[in-house]
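Participant:
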Amino acid sequence: QLENEYFTSFKFIRIDDINTKEIWKTKFSKNPKIEVYSHKFEGFISLYSIDKISIFYYRTYQIYEDTLDVSPFNWLSPVAFDAILDKLVDGAILILDGEDPEIGYKVPWSDLWKEKYHKDFVYKERNFSYIGEFGGRYDKMKVWKVDFIKSKA
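Going by my numbering, the sequence shown wraps up at 160, each residue one higher than the last.
#1: Enumerate, from N- to C-terminal direction, the unbroken beta strand (DSSP E) stretches of 3 or more residues contained entirely within the region 80 to 140.
#2: Would you call the region 85 to 98 and the region 134 to 143 touching, i.e. three or more CB-CB distances under 8 Å?
#3: Just tell me which of S84, H125, I91 and V43 has its CA closest to the CA of Y112.
#4: Would DSSP call S45 helix, strand or coil?
#5: Can you grab the Cα-Cα spacing for the pair Y130 / W116, in whole Å?
#6: Would you check if the distance between the CB atom of K147 and the CB atom of D118 is smaller than 8 Å?
#7: Please report how far the alpha carbon of F88 lies from the alpha carbon of P39, in whole angstroms.
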């Protein structure tokens, strides 16, 4: 669907060599080390190499030497956001700067960037729960948890 939206094909790109793996030490006795995988590439192309996402981090605006610059790709647009949701695991975490991505119209996930009041919401059989925020004035990030809604069958 992403390829159709942007009228191009990404099959020629070798994505397997852009992933990095790090081992982080923690303060927890049960999990003294965790594996962290990073996927760094231009925009949504890296999404093709990812099977599951447990943490998605996105800044609408990037800070460069005291100036703000708009991110080159809008991950909160309908096609991109749905592609992310398809990869999220149950209980995944979204970390966003809470800035309006300037989509130009209201979408069901607009609560992700409302500045003052954050309301839990449901979209595509997933419950989005606002956890809180961290960071300072220029790097404040908002954290959301995404849980699958279990059917009562």
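Don't be surprised by glycine CBs; every beta carbon is placed ideally from N, CA and C. These numbers were taken from a predicted model, which means no experiment stands behind them.
Facilitator: In short, the structure shows the following:
#1: Listed in chain order, they are 95 to 103 and 128 to 130.
#2: They do not touch, by the three-pair rule.
#3: Along the sequence shown, read from residue 1 onward, the residue named residue 112 stands at position 105. Nearest neighbour of Y112 by Cα position, chosen from S84, H125, I91 and V43, turns out to be S84.
#4: Counting from 1 along the sequence shown, the entry for residue 45 is found at position 38. S45 falls in the strand class under three-state DSSP.
#5: Within the sequence shown, residue 130 is the residue found at index 123, counting from 1. Within the sequence shown, residue 116 is the residue found at index 109, counting from 1. Rounded to the nearest angstrom, the two C-alpha atoms are 7 Å apart.
#6: Counting from one through the sequence shown, the residue named residue 147 turns up at place 140. Counting from one through the sequence shown, the residue named residue 118 turns up at place 111. Annotated as distal: K147 and D118, with beta-carbon spacing of 8 Å or more.
#7: Mapped onto the sequence shown, residue 88 falls at position 81. Mapped onto the sequence shown, residue 39 falls at position 32. Those two C-alpha atoms are separated by around 33 Å.
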